[in-house]
Amino acid sequence: MPLLPPLAPARVREIEGFLSASVPASVPSRRARAVWDALGADAAVRERIVSLAAAFLAEPIPELSDAAYLESRRTGGRAGYPARAEDRRIRVTLFVLAEAVENGGRFLAAANREIAAICAERIWVMPPHDWNKLNFEGLRIDNDLISAMTAWTLATADAMLGDGLEAPVREALRGRIRQTVTGPFLAAIRGLREHEWWARDAYNWNSVVHAGIVGAALLLADDYSPAERAEMIAAAEEAMPSYLAGFPADGYSVEGIGYWRYGFGHFALLAEAVLAATGGKVSLYRPRSQPEAAYAHARLVARFPERFEMTRGTHFYPPFADARFPEPPAAWLHHLLEWRYGYGQPPSPIPLPEGDFAQGFFSSFLHAWGVVLGFDPGLVAGKAEQARGSDGLRDWFEASAILVARGARASVAFKGGKNGVAHGHNDLGSFLFVVGETPLLVDPGLIHYNNPDTFGPNRFRNQILGSYGHPVPLVAGQWQGSGKDFYSTVAEVAFADESDRLVLDLAPAYPVPELRTLERRFTFSRAGGGLLTVEDRFAFASPQSFGVALVSYGTFREERPGVWIVSHEGAAARIEIESDGLPFEVVDEALRDEPKAGKVRRLGITLAAPALAGRIALRILPYSL
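438 is the number of the first residue of the sequence shown in my numbering; add one for each residue after it.
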């Protein structure tokens, strides 16, 4: 990678003038009893934190070894070394929170031991991210998502526990963070080494890694001069426009709702840390370049979940790309953004980080607790104004070709766009059909990250990540192609109160030379309980096989030839199959590969014989069991 452009000295000096020589009181220490007593007054929260931490007291520190590191690096899986390393960091979070809530010293020794063990780890970069093994061999120090978040977690532990951490542990913590995380970062932004690829990335690595590095340094202000901290803030300020540019003009997150939560969540955490450190003088929420246009775009990105929600009030989002099924809501983030971007009626205090301290949830990130508990709504308040949002009936992400349409009883989501995007699946033409709060016909979401297929060479041979496990056509026996050369285009779009229509040209999505045309037409009528028609028209240069599919976490049953019922969790839909007289076969199968949410079924509908041209249409409507 080349060197980064030098930072503007005048801007660095300006930021330096906003900084205090002391640590900002943005994270409550355990001595801030009003904060912790209020947290502990919630019996459910107190029980959740203290009981989990107490259980960990009886367990040894998760063991890490060079052999486990190298095995994980070989397979690319997230089981083994990465999972155990993350468990250590979750244990730190729980020990610190439990001690701050109880304030009796019961968890201090465990917190000290766990932090000392993390500081003694050979390497903080996770095995799949040490691409050339240079970090493992001690030839280079890079930063990744985990190293940066580790730094911010430990710095937050230091700020919360203070002298509850032993002097040697605090010294080791500071030394390791400078050696491993902030030192290499400062060298890169000073032009003393090449920058790492994420420094101008358009996706979640940019925001997450910058957040961890800068957030740690700002909490350890006694170890970094105002000039050093100003440099790091200025570098993050220069980098965030690249991250925000990864969101198309329509505000859609191509990485999926989960990576919006992770990436944009860390963007917000970073922005809060910078606001606190500068007394509200530097706001990453409002980019300095093209401030009005960039601010409007950032506000649109902030409202992405609101516009992506299928049935209002359910927090169910289409699990396109690497997203959980279902993806849990992040109320703390939504309400924080409401404060800073000036929309909605945010509560005070901000809700707590979500999840039950499982891997990947913000509840397991101690730095998120620090920001939420130390949140100061008065630093910067967004100007109350109406953002471009939803009209209720639909949300159309035009640049991304994503449509979410809602009716009184049913709601649908359709996906166009292109393959080959960050965390994307080969899923052009995918769709969902939801009745009430129940997803009946679905996109299956991500697979477990412990599966080596997730980021390995076989990613798109996996049924769930490749097109076979999505509700899209199977053309001449071929799955959709991988990479940005395989795409869809919007042939027609029409919206009305009564119905919405989206027509996609899917022919460019398939590596089938004989394919002449393939048009998928979605029509959603809001009349009655709602009716979705999915119609595929195709033509080949010579007769070929053709089929379509439906995917569900529920069960399929045949009512009569050409009519099927899908049911799940007490809800159901009726599926009527039309093929203009061409015979077809229907196969109900449990997919071999499994998404993280569990077993999923595929209803394959295939013409009985190769055809030169034809049509398959599916009429889908709610059904009373």
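Where a beta carbon is used, it is the ideal one built from N, C-alpha and C, also for glycine. Computed from a predicted structure; not experimentally measured.
DSSP state of Y1060, grouped into three classes?
coil
To the nearest angstrom, report how far apart A824 and V858 are at their CA atoms.
Because the pLDDT at A824 is just 49, under 50, the model does not fix this residue reliably, and the point stays unresolved.
How is G1041 classed by DSSP in three states: helix, strand or coil?
strand
Spatial neighbours of L968 within its chain, please: C-beta separation below 6 Å, excluding the five flanking residues on both sides.
S962, L1058
How about A504 and I552: are their beta carbons less than 9 Å apart?
no
If I'm right that F532 touches A548 with Cβ under 8 Å, what's the distance once you round it to whole angstroms?
4 Å
Please classify D638 as buried or exposed, where buried requires at least 16 neighbouring CB atoms within 10 angstroms.
Here D638 is buried. Its C-beta has 16 or more other C-beta atoms within 10 Å.
When burial is assigned at 16 or more other CB atoms within 10 Å of the CB, is T992 buried or exposed?
exposed
In the DSSP assignment, the alpha helix (DSSP H) including E551 goes from what residue to what residue?
Start and end: 545 to 556.
Which whole-angstrom value describes the C-beta separation of V651 and G688, a residue pair presumed to lie in contact below a C-beta threshold of 8 Å?
V651 to G688, Cβ: 25 Å. No contact.
Would the stretch 982 to 991 count as touching the stretch 1001 to 1018 if we require 3 or more Cβ pairs under 8 Å?
With a cut-off of 8 Å on Cβ pairs, the stretch 982 to 991 is in contact with the stretch 1001 to 1018, counting three or more such pairs.
From S979 to L865, what distance separates their C-alpha atoms?
So the two alpha carbons sit approximately 24 Å from each other.
So L939 packs on L955, CB below 8 Å; how close in whole Å?
Wrong, their Cβ atoms sit about 15 Å apart, outside the cutoff.
So for G906, helix, strand or coil by DSSP?
helix
Nearest-angstrom Cα distance between I839 and R831?
11 Å
Go ahead and label D474 buried or exposed: buried means 16 or more other beta carbons lie within 10 angstroms of its beta carbon, across all protein chains shown.
Counting C-beta atoms within 10 angstroms of its own C-beta, D474 has fewer than 16 neighbours from the protein chains shown and is therefore classed as exposed.
For D922, count neighbouring C-beta atoms within 10 Å of its own C-beta (all shown protein chains included) and say buried if the count is 16 or more, exposed if not.
The residue in question, D922, is exposed, as its Cβ has fewer than 16 Cβ neighbours within 10 Å.
For W833, collect the residues of the same chain with a Cβ closer than 6 Å to its Cβ; drop the 5 residues on either side in sequence, then sort them by chain order.
L840
Check whether the Cβ atoms of R761 and G695 sit closer than 9 Å, and answer yes or no.
yes
If you follow the alpha helix (DSSP H) that R386 is part of, which residue opens it and which one closes it?
Residue 386 lies beyond the residue range present for the chain, which begins at 438 and ends at 1062; the question has no answer from this structure.
When you compare the CB positions of D934 and T960, do they come within less than 9 Å of one another, or not?
no
Starting from G1051, follow its DSSP beta bridges and name the residues at the other end.
F975
Taking the alpha carbon of F704 as the point to measure from, which residue in K718, D660, V646 has its own alpha carbon closest?
V646
For my contact list, V964 and V872 are in at a C-beta cut-off of 8 Å; report their separation, rounded to the angstrom.
Sequence inspection shows Ala at residue 964; the Val mentioned does not correspond to that position. Not a contact, Cβ separation roughly 15 Å.
In whole angstroms, give me the CA-to-CA distance for G628 and A585.
G628 and A585: Cα-Cα distance of roughly 20 Å.
Roughly how many angstroms separate the alpha carbons of S644 and L706, rounded to a whole number?
9 Å
With distances taken between CB atoms, is the gap from F741 to S679 smaller than 9 Å?
no
Sort L610, W568, A596 by Cα distance to A537 and report the nearest one.
Nearest to A537 by alpha-carbon distance, out of L610, W568, A596, is A596.
Looking at L591 and I560, is the spacing between their C-beta atoms short of 9 Å?
no
Thinking just about the alpha-carbon of each residue, which of P894, N863, T891, V849 is nearest to the one in V879?
V849
Looking at the secondary structure, which residues open and close the alpha helix (DSSP H) in which S867 lies?
Secondary structure note for S867: it is in no alpha helix (DSSP H), with a DSSP letter that is neither H nor E.
Just grab the DSSP bridge partners of A1027 for me.
R1038
Please state the DSSP three-state secondary structure of Y689.
coil
What does the Cβ neighbour count give for K570, buried or exposed, with the cut at 16 atoms within 10 Å?
For K570, the number of other beta carbons within 10 angstroms of its own is below 16, and it is reported as exposed.
Return the CA-CA distance between I583 and L501, expressed in angstroms with no decimal places.
Cα-Cα distance, rounded: 15 Å.
If I'm right that P565 touches Y506 with Cβ under 8 Å, what's the distance once you round it to whole angstroms?
The pair is not a contact, with the Cβ atoms about 10 Å apart (cut-off 8 Å).
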